[in-house]
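Undergrad:
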Amino acid sequence: MNSKRPVNLDLGKFHFPLPAITSILHRISGIIIFVGVAFLLYGLELSLSGEEGFARVSELLDSFLAKLIVWGILSALLYHLVAGIKHLLMDMGIGEDLESGRLAAKITIAVSVILIVLAGVWVWA
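The opening position of the sequence shown corresponds to residue 180 in this note's numbering, with each subsequent residue numbered one higher.
Written as structure tokens, this is what we have:
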């Protein structure tokens, strides 16, 4: 048996480059959207069930927690959109080398932050 093998894998020692982090966040945002759609469809079904259901959903959406959840789903959707556009550009051969990949990752983060802040202003306005 090889005694140089690590006994405990310390995940804190791994440092991923920014393009890898944006790619991982793209996948995570897709999962958040998938789960969030279930809540949104339930709210849509309830609101279409009648006047009482619509009033209940309207009252529910006035709460802080509901606004936070909606903002979270919108944030995931906006990030997923921006990162998806970056991936489409990379599929066309744009930004495939190391330096332009880093620049594209920085642009993805910057544009996403701006859109997420605007979504937060829209949700809480």
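The beta-carbon is built from N, C-alpha and C at its ideal position, and this holds for glycine as well.
Nothing here was measured: the structure is a model prediction, and the numbers come from that model.
Mark Y221 as exposed unless 16 or more other C-beta atoms lie within 10 angstroms of its C-beta, in which case mark it buried.
TA: So Y221 ends up on the exposed side.
Undergrad: Pairs of beta-carbons, one from the stretch 277-294 and one from the stretch 239-248, closer than 8 angstroms: are there three or more?
TA: No: fewer than three Cβ pairs fall under 8 angstroms.
Undergrad: Roughly how many angstroms separate the alpha carbons of I211 and E224, rounded to a whole number?
TA: Answer to the nearest angstrom: the Cα atoms are 20 angstroms apart.
Undergrad: Does DSSP put H194 in a helix, a strand or coil?
TA: Coil.
Undergrad: Among residues of its own chain, excluding the 5 on either side of L233, which ones have a beta-carbon nearer than 6 angstroms to its beta-carbon?
TA: Here the sequence assigns Phe to residue 233, which means Leu is not the residue at that position. For F233, where only same-chain residues beyond five positions count, the Cβ hits under 6 angstroms are S226.
Undergrad: The alpha helix (DSSP H) with I240 in it runs from where to where?
TA: Just to set this straight, residue 240 is Leu in the shown sequence, not Ile. Note, L240: premise wrong, no alpha helix (DSSP H); not H, not E.
Undergrad: Helix or strand or just coil, what does DSSP make of S228?
TA: Coil.
Undergrad: At what residues does the alpha helix (DSSP H) containing L188 begin and finish?
TA: No alpha helix (DSSP H) holds L188; DSSP gives it neither H nor E.
Undergrad: Give every residue of the same chain whose Cβ lies closer than 7 angstroms to the Cβ of S313, excluding the five residues on either side of it in the sequence, and list them in chain order.
TA: The displayed coordinates of the chain run from 180 to 304. Any statement about residue 313 would go beyond what the structure contains.
Undergrad: At a cut of 8 angstroms, does the stretch 202-209 reach the stretch 257-268 through at least three beta carbon pairs?
TA: Cβ pair count under 8 angstroms is three or more, so yes.
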